[in-house]
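Numbering (this note's numbering), first residue to last: 3 to 229. Each residue gets a CB set at the ideal place from its N, CA and C atoms; glycine is no exception. Comments concern the structure below.
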Amino acid sequence: MSLVVFESRKQIHCAECRQGPLRHLVREAGVPRCLDCADLGHLVYLPRGDAALTRRAREAGSLSAVVVRLNKRRHRYERLGLLVEEAALAHAERSCLADAEARARRRERDRRRRAAEDVRFTAAFAAEILRLFPGCPPDRARDIAAHASVRGSGRVGRTAAGRALDEQAVSVAVRAAVRHLDTEYDALLMAGVPRFTARARLAPLIDAVLDGWRAAPALESGARESA
């Protein structure tokens, strides 16, 4: 289990030495203590962002602590970085410099692999849209799939259900696209209409578009005559 250090914006003082206000503190038995009183004052701060450096600095030392800060909007603590021994950080920096080129090549290979995976998944998502909504224009299906499946976006295409091409998840992506692009939904939001009110008001129009897309496209007149 990692030691945890809290970053605080409040006017908090150490319960032992009374120094403060403290930027970083440890809570022991429910009371705040500064890093010196908690025997962590000799550690140096390593911000998050370089995964290899962070991992190696932790592995090279015998003592480290995770630095977190409360995100009030999300109601959770988020990791900011690590407190590590100075010698361990120096060792980690030397190790990272020694194999920086190899790690860069590996990152580039991983980037190309992820890009190829994303292209295949977007195509599969578009194909599933057209299976469920055969009347949807193919270009539109590709645009919806590309928007819903952006890596790291948190959109429905990146959820577990979306990755599994679950029918409901795919339908949710299509419905969202119709809501934003084929109705006045965004304008209503800008006008101050509550989100759920706007959705309820536009539901019949969205359902009409989706019902039309669920039907197979009509054959061209020439194709009908040749048949």
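Comparing alpha carbon positions, the residue from Val211, Ser66, Asp41 and Arg108 closest to Arg177 is Val211. Secondary structure at Phe8: strand, using DSSP grouped into helix, strand and coil.
Residue burial is scored here from C-beta neighbours: Arg181 has at least 16 other C-beta atoms within 10 angstroms and is therefore classed as buried. Within the region 37 to 68, the runs of beta strand (DSSP E) that reach at least 3 residues and sit entirely inside it are, in chain order, 46 to 49. Excluding residues up to 5 positions away in sequence, Ala40 lie with their Cβ nearer than 8 Å to the Cβ of Glu30 in the same chain. The region 60 to 74 and the region 109 to 125 do not touch, with fewer than three beta-carbon pairs separated by less than 8 Å.
Taken in chain order, the whole alpha helix (DSSP H) runs of length 4 or more contained in the region 69 to 115 are 88 to 100. Counting other Cβ atoms within 10 Å of its Cβ, Arg35 reaches 16 or more and is therefore classed as buried. Boundaries of the beta strand (DSSP E) around Leu27: His26 to Glu30.
For Val33, the beta-bridge partners assigned by DSSP are Glu30. Burial check for Thr199: the Cβ neighbour count within 10 Å stays below 16, so the residue is exposed. Counting other Cβ atoms within 10 Å of its Cβ, Val121 stays below 16 and is therefore classed as exposed. For Thr199, the enclosing alpha helix (DSSP H) has its first and last residue at Arg197 to Arg216. In the three-state scheme derived from DSSP, where H, G and I count as helix and E and B as strand, His182 is classed as helix.
Judged by their CB atoms, Leu27 and Glu87 are not nearer to each other than the 8 Å cut-off. A direct Cα-to-Cα measurement between Gly137 and Ala218 gives close to 5 Å. Distances from the alpha-carbon of Cys19 to those of Ser10, Phe135, Ala163 and Val33 put Val33 closest. Put simply, the backbone Cα of Arg216 is about 57 Å away from that of Ser66.
Taking 8 Å as the cut-off, the beta carbon of Arg50 is found closer than this to the beta carbon of Arg81. The beta carbon of Ile14 is closer than 8 Å to those of Gly22, Pro23, Leu24, Leu27 and Pro34 in its chain, skipping five residues each way along the sequence. Residues of the same chain with a CB within less than 6 Å of the CB of Leu207, apart from the 5 flanking positions on each side, are Thr185 in chain order.
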